[in-house]
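Here the structure comes first, spelled out in structure tokens, and everything after it is commentary.
Protein chains in written order, with the numbering used here: chain A, 910 to 1036; chain B, 910 to 1036.
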């Protein structure tokens, strides 16, 4: 059965004890607003608004070294993960509601549930 | 004097000897087209088309470990680099036509000349 996926956006992983300072830096650097300084209420995520293409862009407080990672969103996690494996990616682990994967050349990225409540470009339909 | 900047997009740095394979993976993973498989004719860059918000997204063949880095584009490199330094970023080095910088929490990013030949959202004007 066909499923859909698209680039959801990117997460700016910051190895920091101060989520607020990291969010302030990146919102000013990129010229985007802070839509939610504590998305989910866990003290771990700050979500930006007024983003290009309505992409999901957020700062995440992490323990590992800082980096940027991409999120792909889909209406069928299993089908999308299988599609990406066939392209050469590998599964790293399932976390909460999403799959962490690794690209053939080593970048980590996540496959997350599709959110329709935004103005992002239409997903690609994969047969 | 006022200057302008905005998020230009992101570069998928791939530690690989095969730019074509890396571009093929990421174009299929993200559901974007390959607008130019050898942007600039150096064998180092493959540029994507049909991107969200008309963001500049490309795969770059690199020697260092794979990662994703952001590009900020501006009509005044010196003013923008100074603005970012005041926010806490630091200069790493000038390469060809752009500045490589490092964010307070360690991510590398680039500050590049503004390109107007696209449909990206209007830049922010900084006084």
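Virtual Cβ for every residue (Gly too), placed ideally from N, Cα, C.
* Positions along the stretch 939-952 of chain A whose CB lies within less than 9 Å of some CB in chain B -> 939, 940, 941
* Is the beta carbon of residue 971 (chain A) sitting closer than 8 Å to the one on residue 919 (chain B)? -> Mapped onto the first chain, residue 971 (chain A) falls at position 62. Mapped onto the second chain, residue 919 (chain B) falls at position 10. No, they are not a contact pair.
* To do: State whether the stretch 980-996 of chain A contacts the stretch 944-951 of chain A, with contact taken as three or more CB pairs (one from each stretch) at a distance under 8 Å.
  => Under the three-pair Cβ rule at 8 Å, the stretch 980-996 of chain A does not count as touching the stretch 944-951 of chain A.
* Could you tell me which uninterrupted beta strand (DSSP E) segments, each at least 3 residues in length, are contained entirely in the stretch 962-1019 of chain A, listed from first to last along the chain? => With a minimum length of 3 residues, the continuous beta strand (DSSP E) runs that stay inside the stretch 962-1019 of chain A are 965-971, 976-983, 999-1004, 1007-1011.
* Asked: Any idea if residue 932 (chain A) is buried or exposed, counting beta-carbon neighbours within 10 angstroms, 16 or more meaning buried?
  -> Position 23 of the first chain, counted from the start, is the residue given in the question as residue 932 (chain A). Label assigned to residue 932 (chain A): buried.
* Asked: At a Cβ threshold of 8 Å, is residue 1006 (chain A) touching chain B?
  -> Indexing the first chain from 1 puts residue 1006 (chain A) at position 97. No, residue 1006 (chain A) lies away from the interface with chain B (no Cβ there is under 8 Å from its Cβ).
* Asked: Does DSSP classify residue 937 (chain B) as helix, strand or coil?
  -> Taking the second chain and counting its residues from 1, one reaches residue 937 (chain B) at position 28. Residue state, collapsed to three classes: helix.
* What is the rounded straight-line gap between the Cα of residue 942 (chain B) and the Cα of residue 966 (chain B)? -> Along the second chain, read from residue 1 onward, the residue named residue 942 (chain B) stands at position 33. Along the second chain, read from residue 1 onward, the residue named residue 966 (chain B) stands at position 57. Going by the C-alpha atoms only, they are around 10 Å apart.
* Asked: What residues of chain A sit near residue 978 (chain B), judged by a beta carbon separation below 8 Å?
  -> Translated into the one-based positions of the second chain, residue 978 (chain B) becomes position 69. Result: 977.
* To do: Give the interface partners of residue 986 (chain B) over in chain A, defined as CB-CB distance under 7 Å, in chain order.
  => Taking the second chain and counting its residues from 1, one reaches residue 986 (chain B) at position 77. Ordered by position in chain A, no residue passes the 7 Å Cβ test against residue 986 (chain B), which lies about 15 Å from the chain.
* **Local conformation of residue 926 (chain B) per DSSP, three classes** => In the second chain, the residue the question calls residue 926 (chain B) occupies position 17. Looking at residue 926 (chain B) - three-state DSSP - the assignment turns out to be coil, as it is neither helix nor strand.
* **Own chain residues within Cβ distance below 8 Å of residue 1031 (chain A), not counting five before or after** => Locating residue 1031 (chain A) in the first chain gives position 122, counting from the first residue. Counting only Cβ-Cβ distances below 8 Å, and skipping sequence neighbours, we find 915.
* **Buried or exposed (CB count within 10 angstroms, at least 16 for buried), residue 975 (chain A)** => Counted from its first residue, the first chain places residue 975 (chain A) at position 66. Burial call: buried.
* Asked: chain B partners of residue 1000 (chain A), CB-CB under 7 Å?
  -> Residue 1000 (chain A) sits at position 91 when you count from the first residue of the first chain. Within chain B, no residue comes near residue 1000 (chain A); the closest Cβ sits about 14 Å away, beyond 7 Å.
* Asked: Should residue 989 (chain A) go down as buried or exposed, given a rule of 16 or more other Cβ atoms within 10 Å for buried?
  -> Residue numbering aside, residue 989 (chain A) sits at position 80 when the first chain is read from its first letter. Result: buried.
* Asked: Any idea what DSSP makes of residue 950 (chain A), helix, strand or coil?
  -> Taking the first chain and counting its residues from 1, one reaches residue 950 (chain A) at position 41. Reduced to three states, the DSSP call for residue 950 (chain A) is helix.
* Asked: the ligand COA heavy atoms versus the CB of residue 942 (chain A): any closer than 7 Å?
  -> Although the ligand COA was asked about, the structure shown includes no ligands whatsoever.
* Asked: In its own chain, which residues sit with a C-beta less than 6 Å from the C-beta of residue 958 (chain B), not counting the 5 before and 5 after it?
  -> By one-based count along the second chain, residue 958 (chain B) stands at place 49. Answer for residue 958 (chain B): 942, 944, listed in chain order.
* Asked: In the structure shown, what three-state DSSP assignment does residue 1028 (chain A) receive?
  -> In the first chain, counting from the first residue as 1, residue 1028 (chain A) sits at position 119. Coil.
* Closer than 7 Å by beta-carbon distance: list the chain B residues that pair up with residue 1036 (chain A), in chain order. => Taking the first chain and counting its residues from 1, the one referred to as residue 1036 (chain A) is at position 127. Those do not exist, as residue 1036 (chain A) stays about 13 Å from chain B at its closest Cβ, beyond 7 Å.
* Amino acids of chain A, ordered along the chain, whose beta-carbon sits closer than 8 Å to that of residue 969 (chain B) -> Along the second chain, one-based indexing puts residue 969 (chain B) at 60. Going along chain A, no residue has its Cβ under 8 Å from residue 969 (chain B), so there is no contact; the nearest lies around 11 Å.
* Asked: Does the beta carbon of residue 1022 (chain B) sit closer than 8 Å to a beta carbon anywhere in chain A?
  -> The residue you call residue 1022 (chain B) lines up with position 113 of the second chain. Not an interface residue.
* Asked: Contact check, residue 1021 (chain A) vs residue 987 (chain A) under 8 Å by CB: the rounded distance?
  -> Numbered from its first residue, the first chain carries residue 1021 (chain A) at position 112. Numbered from its first residue, the first chain carries residue 987 (chain A) at position 78. Contact flag wrong, Cβ pair sits at about 13 Å.
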